[in-house]
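Some notes on the structure that comes next.
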Amino acid sequence: MLKDYLHSCIQLLNQSCFNYKCNQPFCPLFFVTDTVMDTRTATAELGWISFPANGWEEVSGYDENLNTIRTYQVCNVFEPSQNNWLLTTYVDRRAALRIYVEIRFTVRDCASIPSVLGSCKETFNLYYLETDRAVSEGIRGVEYWANAPFLKVDTIAADESFSQVDFGGRLMKVNTEVRSFGPLSKGKGFHLAFQDLGACMSLLAVRVFYKKCPSIVQNFAYFPETLTGAESTSLVIARGSCIPNAEEVDVPIKLYCNGDGEWMVPIGSCSCKAGYEPDGDNLCRACPQGTFKSSQGPGLCQQCPLNSRSTVEAASLCGCRNGYYRGDMDKPQDLCTSVPSGPRNLVSVVNQTSVQLEWHPPRDIGHREDLSYNVLCHRCHNSERRLCQPCDDSVAYVPGRRGLKVTKVEISKLRAHTTYTFDIQAVNGVSNKSPYPAQQVSINITTNQAAPSVVPIMHQVSSTSRSFSLSWPPPEHPNGIILDYEIRYYDQSHPSEFNSSVVQSETPSVILEGLRPGTGYVVQVRARTVAGYGAYSKEMLFQTLTDDEFKSELGQQLSLIAGSLVGGVCIVSLVAITMCSVFPKYKAVLILSPFSEVTLRSDIFSGPTPTVTFPTLSDGHSSPGVKIYIDPFTYEDPNEAVREFAKEIDPSCVKIEEVIGSGEFGEVYKGRLKPVGKREIPVAIKTLKVGYTERQRRDFLSEASIMGQFDQPNIIRLEGVVTKSRPTMIITEFMENGALDSFLRQNDGQFPVIQLVGMLRGIASGMRYLAEMSYVHRDLAARNILVNSNLVCKVSDFGLSRYLEEDTSDPTYTSSLGGKIPVRWTAPEAIAYRKFTSASDVWSYGIVTWEVMSYGERPYWDMSNQDVINAIEQDFRLPAPMDCPTVLHQLMLDCWQKDRNARPKFPDVVNMLDKMIRNPASLKAGTNNVAPGPSHHPLLDRGAPDLSRLSSVEDWLAALKMSQYRDSFLGSGFTSLPLVTQITAEDLQRIGVSLAGHQKKILTSVQSMRHHVDDQSPTESV
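Per UniProt numbering, the very first residue in the sequence shown carries number 1; after that it's consecutive.
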């Protein structure tokens, strides 16, 4: 039969296929595939479903290795209307979106079959059916096969058909066809179906597979195996990852997998990272010891440069050997270098308050070309470096202070009669890497006396036909207390030094009288300190009025004054009428005094006396419309007070430099403020620490709300606040010399009395301003006075009011009565009754005056707070400090009157101090005043040591708080108190006591010891 004939053909065809030299069951393909079904690997029946039963038939055969293979054949060409179906077993697609089917088959040439009917075919159809599970084998009906949802792939025709079989195997007509279908998405797998419509053929083998792009390493990046897309034209993106020891060069790293399983269009890449070099295209190898590779990329490892080494593999940098360094801008391949030696042959030339320094370059520059010099300036109390402190920012350096390329610098704006130490450092690009200080050369110099700087400009205040008044700001650098000003002027039509006139003024203003009408006068002014006169200001021209101009202006002023008086009387009358209507039981007596108080007096003494006050115009201390202080805690929302009185600053304008202290709420920093469009200025920055409560934030910002209301030269100036970002900050002007008490202690005995009085005058001026604003400070003390580089004193610290209801462990503030009060500085009524007024601030001012004249001594020494309260109740008052003028101690005693109404007011204090400054002779009077009270009050002697209890030089120096000189005294032979009583000023200078204040204090104590020895009996010893 024909079927037997076909079976023989199958065996011959199988053997013929494997004569082709390949290792796979099918001939090689030029792409990577994963096979999901291959009939050649089946060792048992395939078990496919065929319909009808006499259609497709499964037949066994053998391959070239005599392995059994299974095939299907059909050949019903002698019967009409053939429709034979063959359904494969279920195939899992494994997430593939497109499937390929490779079919090997043979077809008999219809013309070679005798007596065949006209329905013979040489083609067959291929279908597929997507499904999640296998189709049941019980499906046999015609209806199912007619209506099954098969999707047709293609009609497959044979390229070659055979007509007869050569049993020698020489004539073989095997066809191989590959078809694909997709996208697959409706099930996890599928069935294949073959439809025969009347062919005589055999299915020798069926292979089902999908294509994928293989895993690959390209450009030092690994790409995983990737399935192709649903269409043959699809491109599937595969993300890559760098191989070990490689890093991205460009991101993202990806390849595209096309429909044929080929990689294409690479994007991004990786390269070997620092310390690794490429080995081929797919490996990054570590640099061996002694080599390095500093950067990522294709470069190779290099040998370590001079003075460096690497002791491990994969080094990205060779470390410098001991004593050698690389600069911040040096490249890894540069050699390691060393620091320079110190400059040589430093010399100086002093000219008043300026100094010129020159030096020679160092011998060793460290094998670098970036040598430069830094100038370090320290202001010293003597030749000991430990008593020096850095110079303030007002000192000027030309051409600069740091990074100098020349060996010469000029330094100016130094203080007069002050010792300075200058260090010239030689630095290069690696000096900041060395653990040792930069090599330097030092020199000590002492400046000469300097006069004040030039008055910058004058302003004309008013003018008549015979006079005009002028004012001017003080010199920018007074170099001491201004004693007076000299004004020189002359008629511009007679410019001659001999025709000029000179007048003196103790204030920065003057009225020049006796001038000619309608005449221009050239005016100059210069300031005088104890060092003498400064230079004259530049010449400025001012004009008197003509007689006609003066008469016209005078008439206008008289009219204005008359109108003002009439208006004032009307206003006062209305006030009096209103008061009488409001307080009918008062019989008001109206006392009118222009530009003074207007008082409504009552004949009924049991009631209050209502007073309406018009600000006075005397002395320029207040004027109509003066502001009154507003307590920020009266606001319903205290933050509103901050917005109203404090300027919000952009934090980008603030640069924090270094910590200079700590406050109640956080750190205090020195920094720089660069407002938009303005020059940069130094500032102090108070910060609010992390983790604050809302109340702490409110209390912190309340000080800014208070400070922002003040504008006076002797009140610390608020620059603004930062509240809209973290940290919250209060920014004030920077005071170079810090707190007054510590500044005085550091400069003990260094200032003349008139200089100290000038500082006290500034404090009083600031307090006068606060009193006029109706503000009570409550914590006036030297620690709360700040000093700038020109020795201007400014009142600060406006936050005590928030503490008055809180307890504290600070002995400075705690009183036995509870609450937080600075007992040593506080008036008795404020301690006892919490009655804080400007009068209590005056008491505190008296304590500040004592602190200043004693150079920062602690008030009441080591007495306890309760002892202080008791002593004041017993009318004890602090004695005059050493060398304190009588008039100053009397001012202190006036401030310490028990009756607060008897104390002077701050305008009175300012006037007193002005008189002292104008009359320096008054400050040379004796200092023998003692405080009122019992003549032998035990506390009167607390300022001096009890000589009867001293037994050694160490005890004596400790009592004087001069223990720092112990070794100097003992080393110079002053080993006992009797020897100390013989010491002289020359001896003190010789053993190193160079501060004038310390010398006076020691010599005064020595004199007291001599008297003490003289008063003792012969059997007593010192």
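The beta carbon of each residue, even a glycine, is placed where N, CA and C say it ideally should be. Model, not experiment: these values are computed from the prediction.
query = From Q425, Q389, I445, pick the residue whose C-alpha is nearest to that of S412; which is it?
reply = I445
ask   = For A42, which residues from the same chain have a beta carbon less than 7 Å from its beta carbon, with the 5 sequence-adjacent residues on both sides left out?
value = R70
request  = Going by CA-CA distance only, name the one from R239, L97, G261, L756 that's closest to V251.
outcome  = R239
Pick from G187, R108, R285, G268 that is closest to residue 1054, judged by C-alpha positions = It is not possible to answer for residue 1054, since the shown part of the chain is limited to 1 through 1022.
message = Suppose you measure from the CA of A839 to the CA of E648; what does that come to, to the nearest Å?
response = Whole-angstrom Cα-Cα distance: 35 Å.
request  = May I ask you to report which of helix, strand or coil DSSP gives T1004?
outcome  = helix
request  = Confirm, please, whether the CB-CB distance from R309 to C318 is below 7 Å.
outcome  = Note that the C-beta distance between C318 and R309 is below 7 Å.
query = Based on Cα-Cα distance, which residue from C242, A959, S705, E657 lies nearest to P638?
reply = Looking from the CA of P638, the closest CA among C242, A959, S705, E657 belongs to S705.
task = Report the three-state DSSP secondary structure of G766 (helix, strand or coil).
result = Looking at G766 - three-state DSSP - the assignment turns out to be helix.
ask   = Helix, strand or coil for T609 per DSSP?
value = Annotation note: pLDDT 31 at T609 (below 50); position unreliable, coordinate value reported separately. DSSP places T609 in coil when its eight states are reduced to three.
task = Taking all protein chains shown into account, decide if H998 is buried (16 or more other Cβ within 10 angstroms of its Cβ) or exposed.
result = buried
task = Please list, in chain order, all residues of the same chain as F836 whose beta carbon is under 6 Å from its beta carbon, the five residues on each side excluded.
result = V776, R778, A830
Member of S295, P298, Q296, A315 whose CA lies at the smallest distance from the CA of C304 = A315
ask   = Looking only at C-alpha atoms, which of P904, D867, V852 sits nearest to R768?
value = P904
ask   = In its own chain, which residues sit with a C-beta less than 6 Å from the C-beta of L744, not counting the 5 before and 5 after it?
value = These residues qualify, in order along the chain: Y855, G856.
ask   = Which residue from F633, E476, K924, R516 puts its Cα closest to that of T886?
value = The option with the nearest alpha carbon to T886 is K924.
inquiry  = Helix, strand or coil, according to DSSP, for A704 in the structure here?
reply    = helix
request  = Compute the Euclidean distance between the alpha carbons of S968 and L673, then round it to the nearest angstrom.
outcome  = 46 Å
inquiry  = Using the three-state DSSP reduction, which class does V1009 fall into: helix, strand or coil?
reply    = The sequence shown places Met at residue 1009, rather than the Val named in the question. Three-state DSSP puts M1009 in a helix.
query = Which residues in the same chain as H417 place their Cβ atom closer than 8 Å to its Cβ, once the five residues preceding and following it in sequence are excluded?
reply = T446, T447, N448, Q449
Contact check, K293 vs C284, beta carbons under 7 Å = no
task = Assuming P452 and H477 form a contact by the criterion Cβ under 8 Å, report the distance between their Cβ atoms to the nearest whole angstrom.
result = Their Cβ separation, rounded to whole angstroms, is 7 Å, which keeps P452 and H477 in contact under 8 Å.
Among E248, G229, D196, the one whose alpha carbon lies nearest that of A221 = E248
key: Sequence-distant residues of its chain with Cβ nearer than 7 Å to R783 (five each side left out)   = The residues are A739, D741.
message = Taking a contact to mean a Cβ-Cβ separation below 7 Å, would you say V409 touches L346 in this structure?
response = Cβ atoms of V409 and L346: not closer than 7 Å.
message = Taking the beta carbon of R133 as the centre, do at least 16 other beta carbons fall within 10 Å, making it buried, or is it exposed?
response = Flag for R133 reads exposed.
Rounded C-alpha distance that separates F734 from L541 = 37 Å
key: Own chain, CB closer than 6 Å to A684, minus 5 neighbours either side, in chain order   = T732, F734.
request  = Rank T123, C884, D34, D196 by C-alpha distance to the C-alpha of F51 and give the top, closest one.
outcome  = Nearest C-alpha to F51: D196.
task = Count the other CB atoms, across all protein chains shown, that sit within 10 Å of the CB of R990; report buried if there are 16 or more and exposed otherwise.
result = Under this definition R990 is an exposed residue.
request  = Return the chain-ordered ranges of every alpha helix (DSSP H) run that is complete within the region 109-187 and spans a minimum of 4 residues.
outcome  = Listed in chain order, the complete alpha helix (DSSP H) runs (minimum 4 residues) inside the region 109-187 are 142-147.
query = Can you tell me the Cα-Cα spacing of I267 and I253, whole angstroms?
reply = Whole-angstrom Cα-Cα distance: 6 Å.
message = Could you compute how far the alpha carbon of G819 sits from the alpha carbon of R697?
response = Summary for G819: the model assigns pLDDT 49, below 50, so the residue's position carries little reliability; its value from the coordinates is reported in the next sentence. Each residue's alpha carbon lies about 21 Å from the other.
query = Residues in its own chain within less than 6 Å of A944 by CB, not counting five upstream and five downstream?
reply = Residue placement at A944 is flagged as unreliable, the pLDDT there being 48, under the threshold of 50; the coordinate-derived value follows with that caveat. Result list for A944: empty, nothing under 6 Å.
query = So is I49 buried or exposed if we call it buried at 16+ other beta carbons inside 10 Å?
reply = buried
request  = Pull up the DSSP beta-bridge partners for A450, would you.
outcome  = For A450, which the question treats as bridged, DSSP gives no partner whatsoever.
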